[in-house]
Structures are given as C-alpha cells and as structure tokens.
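Q: Structure below; questions to follow.
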Amino acid sequence: MAPGLAASKAVPDGEETEAACVLNESEEETKRIFDEARQEGFKQGMADAEARIHREVEMAEQALIKKHEQRGLKLEETLGRMDKLLSSMQDTLAQRESLLDAEVADLAYAAVCRLLGTWQADGRLIVKLCEAVVAEYRHRPAILRVNTNDLPLVADLRRQELRIEGDPALPPGCCRMEGPAGDYETSMEFRLQSLKEALKAGGEAAS
Numbered sequence: 001m002a003p004g005l006a007a008s009k010a011v012p013d014g015e016e017t018e019a020a021c022v023l024n025e026s027e028e029e030t031k032r033i034f035d036e037a038r039q040e041g042f043k044q045g046m047a048d049a050e051a052r053i054h055r056e057v058e059m060a061e062q063a064l065i066k067k068h069e070q071r072g073l074k075l076e077e078t079l080g081r082m083d084k085l086l087s088s089m090q091d092t093l094a095q096r097e098s099l100l101d102a103e104v105a106d107l108a109y110a111a112v113c114r115l116l117g118t119w120q121a122d123g124r125l126i127v128k129l130c131e132a133v134v135a136e137y138r139h140r141p142a143i144l145r146v147n148t149n150d151l152p153l154v155a156d157l158r159r160q161e162l163r164i165e166g167d168p169a170l171p172p173g174c175c176r177m178e179g180p181a182g183d184y185e186t187s188m189e190f191r192l193q194s195l196k197e198a199l200k201a202g203g204e205a206a207s
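As structure tokens, this is what we get:
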C-alpha cells in the first residue's frame, strides 16, 4: 500500500475521542429518557391503580351498606310478621281459654244438677237445702217452715230453739227461716241460678 493512501484513511485520535464521547452522551441521554419514561409510567400506573382501588373500595362499601340496609328491612319485616303471629296466637289462646272456662262452668253446673236430681229422686233435696239454711241462719230462737208435704222429710232437723212447721203456702222444695234477724226464704232453684251466675262471672273474670 502506498504511504499517501494509508495516511488519507487514518482518523485522528482527537476526532475518535470526541466521537466516543458524543456516543456515550447519546446513550446516557437515551437511558435517562427511558428511565424517566419508566418512572413517569410507574407513577401514572400507581396513580391509576390507587384511583381504581379507591373506586373499588367505595363500591364495596356501598354494596355492604345496601346489603346491610336490605337485611335490616328484611329483619324488620320478619319481626313485624312475628309480632302479628304472636298477637294472633295470643288472641286465639284467649278465645280458647274463654271457651274452655265456659265449658268448665257448664260442666260444673251440669254435675251439680245431676247430683241434685239424684237427691230429688230419693227425697234428700229438701233435707240438704234445710241443713244449709239452718247452718247459715244462726239466730235463735227460730222457726223453719217448709211445705206441708216436705215436713216429714226434715223432722230430724229439730234442734233446741228451732221449731219446724209445715206451711201449705210454700211451694214444694222451698223453705223459710223466721227469727230475730228477720225472714229468710230460699229454694234450690234460686240457689242453682245463683250458682250458675257465679260460675259464669268466675269464667269472665278469669278470661
């Protein structure tokens, strides 16, 4: 190779160094630009992610609030239905209790009537009535008056200061006490009616 040709293709050391510096600076700038872009992208991505998370949290909170409100409404509705059911049950029980009290009173009255019917058949009814009247009317001396036909049935009730006399004006089954406290007349029918009213009043008071 000719010396002049070789010399014409050679690059001076100064120019080569300068080109290397320019290249290095260009690479560093490019890297810096890419780094900044990545940082900006990261920051933007984080901001977007934070906003998205915030929106999702708000949506979740709203969903929970709505669900809680719905559950609250359902609970109120359920409690309302339970109150109505309990009130209805109480009314039903009260009605049944009232009917039961009435049935018990009727049964008690029927039992007493059957017993009195038995006493009437064997002649003990007027005796039981007079025994009760003598025990209740304690004022002495006194006179026990019964229908003339009932007189033999109650003759054994004579006591000291207690006379027993027949009175045809009295209906059969009735008796009258006469003494210092005044006259006291009663009959088994009257007492049965009083018993019936007492049983009815007791049932109404219990209900």
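Taking full-length UniProt numbering, the leading residue of the sequence shown gets 1, the next gets one more, and so forth.
The beta-carbon is built from N, C-alpha and C at its ideal position, and this holds for glycine as well.
Bear in mind that the values here come from a model prediction, so they are computed numbers and not experimental data.
With C-beta atoms as the reference, is L162 less than 9 angstroms away from V134?
A: Within the sequence shown, numbered from 1, the residue matching residue 162 stands at position 162. Within the sequence shown, numbered from 1, the residue matching residue 134 stands at position 134. Closer than 9 angstroms, so yes.
Q: Which residues bound the alpha helix (DSSP H) around E131?
A: The count along the sequence shown starts at 1 and reaches residue 131 at position 131. Per DSSP, the continuous alpha helix (DSSP H) segment holding E131 begins and ends at L125 to E136.
Q: Buried or exposed: D150, going by 16 or more other Cβ atoms within 10 Å of its Cβ?
A: In the sequence shown, the residue the question calls residue 150 occupies position 150. The residue is buried, with at least 16 neighbouring Cβ atoms inside 10 Å.
Q: DSSP state of R159, grouped into three classes?
A: Locating residue 159 in the sequence shown gives position 159, counting from the first residue. If DSSP states are grouped into helix, strand and coil, R159 belongs with the strands.
Q: Using a threshold of 9 angstroms, state whether the C-beta atoms of M188 and L144 are closer than that.
A: As a position in the sequence shown, residue 188 is number 188, starting the count at 1. As a position in the sequence shown, residue 144 is number 144, starting the count at 1. No, these two residues do not count as a Cβ contact at 9 angstroms.
Q: For L64, count neighbouring C-beta atoms within 10 Å of its own C-beta (all shown protein chains included) and say buried if the count is 16 or more, exposed if not.
A: In the sequence shown, the residue the question calls residue 64 occupies position 64. L64 should be labelled exposed.
Q: Quick check on C175 - is its C-beta less than 9 angstroms from some C-beta in chain B?
A: Structure shown: chain B not included; a single protein chain is present.
Q: CB-CB under 7 angstroms to H139, same chain, minus the five flanking residues each way: which ones, in chain order?
A: Your numbering for residue 139 matches position 139 in the sequence shown. Cβ contact annotation for H139 (same chain, cutoff 7 angstroms, sequence separation greater than five): G179, P180 and A181, in chain order.
Q: In this structure, does DSSP put G173 in helix, strand or coil?
A: For the purposes of this step, residue 173 is taken as residue 173 along the sequence shown, with counting starting at 1. In the three-state scheme derived from DSSP, where H, G and I count as helix and E and B as strand, G173 is classed as coil.
Q: Return helix, strand or coil for D183, following the three-state DSSP convention.
A: Here residue 183 refers to the residue found at position 183 of the sequence shown. Strand.
Q: Out of R159, V154 and R114, which one is the CA nearest neighbour of P172?
A: Taking the first residue of the sequence shown as 1, we reach residue 172 at position 172. Among R159, V154 and R114, the Cα nearest to that of P172 belongs to V154.
Q: A60 bridges to which residues according to DSSP?
A: Against the sequence shown, residue 60 aligns to sequence position 60. Answer by DSSP bridge pairing: none, since A60 is not bridged.
Q: Terminal residues of the continuous beta strand (DSSP E) containing V146?
A: Numbered from 1 along the sequence shown, position 146 holds the residue referred to as residue 146. Boundaries of the beta strand (DSSP E) around V146: A142 to V146.
Q: Between the alpha carbons of A60 and L73, how many angstroms are there, rounded?
A: What you label residue 60 is simply residue 60 of the sequence shown in a count that begins at 1. What you label residue 73 is simply residue 73 of the sequence shown in a count that begins at 1. The alpha-carbon atoms of A60 and L73 are separated by roughly 20 angstroms.
Q: Could you check how far apart the C-beta atoms of L129 and N147 are, in whole angstroms? I think they sit under 8 angstroms.
A: For this step, residue 129 is matched to residue 129 along the sequence shown. For this step, residue 147 is matched to residue 147 along the sequence shown. Contact flag wrong, Cβ pair sits at about 12 angstroms.
Q: Does the distance from the CB of E185 to the CB of R191 come in under 9 angstroms?
A: Position 185 of the sequence shown, counted from the first residue, corresponds to residue 185. Position 191 of the sequence shown, counted from the first residue, corresponds to residue 191. Contact: no.
Q: Provide the residue(s) that pair with C165 in DSSP beta bridges, ordered along the chain.
A: What you label residue 165 is simply residue 165 of the sequence shown in a count that begins at 1. The displayed chain sequence assigns Glu, not Cys, to residue 165. Per DSSP, R145.
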